[in-house]
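Trainee: Numbering (the working numbering), first residue to last: 73 to 517.
Heads up, the beta-carbon is just placed ideally off N, CA and C, and yes, glycines get one too.
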Ligand code: 5CA
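Here is the structure:
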């Protein structure tokens, strides 16, 4: 993409309404525009990051054996009356009437609808286990929408639902989700810690939230200092292997890590004092096992091998896809702007031409551009007629992990400068070497 042809409406001023870094930076970097409280348009660069996150979520869900589908945003009230949640959900639910005076709602979550799909099509235990998920917009009329996309009213969520014959099977699905989430967040360059939580309106006793440590997080968290050091890494996981999956969950949940909702001071005090950490976290996902809470009232049953009929055991599993964009920035920024981890960056590399219109600089930039595209990477080429300082400031603000600077003096010596956004370190090398180095970094992800 050439910046002169792109739509990147960066703001010079710091927007007064934004209280936290991610909100400020998303507005300044032209990623979002607020349309109403808690409702945003995703401008091209914000949309690109959102899509990168979605793609990672899809890949890891599919790797775990879960099946994507798509349910609508608008749901009939009748389904929620069956589960008993239509009245229980309260004013967070946006209730709408259609022209025939039928009660509808904009889905805040989809347990009822997925249970309806299941009961319409599945009869036998032989169709189990089954986990279906989608990535779809939700609406929750939050009392205090704030912090930009972190607590929106309209937000993008991945929500997945498992259907199993027994509690034991459903707990394997729960564990599978936990491990797939660990990998999902790690691929984005995030450390998200599973913490025992409270289930709220979704229901059930078994639930974990995934929290990214950040001072601006909405939850208070208490954890053993060893927990953030745990890494799943690239180990090959057989998601069908119950012992292996349960073993990984144990590895990540044995040490103390809880939110204020479930915090237990006595247990916490058993950790050696120097390892006791209190901080704040952003909830980027939550998994639940709630058994037959929906399947029983809604009649989602299967025939069993001995001619019986039983309600299926279920759980639901959410990832805050749009919230993750904010969480990623909270965890990755400095005073100059965003610092995207390579896994989610909107463009892989920025090319800055210090002397636009200079034949040697222009052709070197064009050649670099083509070389990156040939490696399957997306460069953002700042080809505007702007001062070097303004170009650098834009690149630092939008936070691409790598920048190549091309200037007349360097080109005369067959050199370009490769700069790492995170460390600020620059290195001179030939254009070919720079392309190889950057391509190698992305290939290794
Ligand atoms: N049905 C279950 C799991 S599929 C469910 O709705 N879970 S949830 O309520 O915990 O939401 C899942 C994730 O969505 C949360 O962990 C959070 O990351 C994100 N989320 C929830 N509310 C908001 C909001 N108002 N704005 C942005 N993201 C949100």
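How many whole angstroms separate the CB atoms of residue 472 and residue 422, which I take to be in contact at a CB cut-off of 8 Å?
Mentor: 4 Å
Trainee: Which of the three DSSP states, helix, strand or coil, is assigned to residue 326?
Mentor: Looking at residue 326 - three-state DSSP - the assignment turns out to be coil, as it is neither helix nor strand.
Trainee: Whole angstroms is fine: what's the gap from residue 80's alpha carbon to residue 285's?
Mentor: 30 Å
Trainee: Which residues share a DSSP beta bridge with residue 279?
Mentor: 360
Trainee: Let me check one thing: in DSSP terms, what residues is residue 491 bridge-paired to?
Mentor: Note: residue 491 sits in a beta bridge opposite 475 and 498.
Trainee: Closer than 7 Å to a non-hydrogen atom of ligand 1 - does that hold for the CB of residue 355?
Mentor: At least one heavy atom of ligand 1 is nearer than 7 Å to the Cβ of residue 355, so yes.
Trainee: Could you tell me the alpha carbon to alpha carbon distance between residue 74 and residue 396, rounded to whole angstroms?
Mentor: Each residue's Cα considered, the two are about 27 Å apart.
Trainee: Less than 8 Å between the beta carbons of residue 229 and residue 429, yes or no?
Mentor: no
Trainee: Mind checking whether residue 353 and residue 95 have CB atoms under 8 Å apart?
Mentor: no
Trainee: CB of residue 227 to nearest heavy atom of ligand 1: below 7 Å?
Mentor: yes
Trainee: I need the straight-line Cα distance from residue 337 to residue 98, nearest angstrom please.
Mentor: 37 Å
Trainee: To the nearest angstrom, how far is it from the Cα of residue 521 to the Cα of residue 231?
Mentor: Given a span of 73 to 517 for the chain in the structure shown, any question on residue 521 remains unanswerable.
Trainee: Relative to the C-alpha of residue 238, which candidate in 153, 78 and 384 has its C-alpha closest?
Mentor: 384
Trainee: If distances are taken between C-alpha atoms only, which option among 515, 291, 189 and 502 comes closest to residue 371?
Mentor: 189
Trainee: Which residues does DSSP list as the beta-bridge partners of residue 264?
Mentor: 284
Trainee: State whether the segment 323-341 contacts the segment 115-132, with contact taken as three or more CB pairs (one from each stretch) at a distance under 8 Å.
Mentor: Contact fails: fewer than three Cβ-Cβ distances are below 8 Å.
Trainee: Between residue 495 and residue 424, which are expected to be in contact by the criterion C-beta below 8 Å, what is the C-beta distance as a whole number of angstroms?
Mentor: 17 Å between Cβ atoms; not a contact.
Trainee: For residue 244, which of helix, strand or coil comes out of DSSP?
Mentor: helix
Trainee: Does the segment 239-254 touch the segment 146-155, meaning 3 or more C-beta pairs lie closer than 8 Å?
Mentor: no
Trainee: Quick check on residue 193: buried or exposed, where buried means 16 or more other Cβ atoms within 10 Å of its Cβ?
Mentor: exposed
Trainee: Whole angstroms are fine: how far does the CA of residue 258 sit from the CA of residue 305?
Mentor: 8 Å
Trainee: In whole angstroms, what separates the C-alpha of residue 433 from that of residue 92?
Mentor: 39 Å
Trainee: Does DSSP put residue 114 in a helix, a strand or coil?
Mentor: Looking at residue 114 - three-state DSSP - the assignment turns out to be strand.
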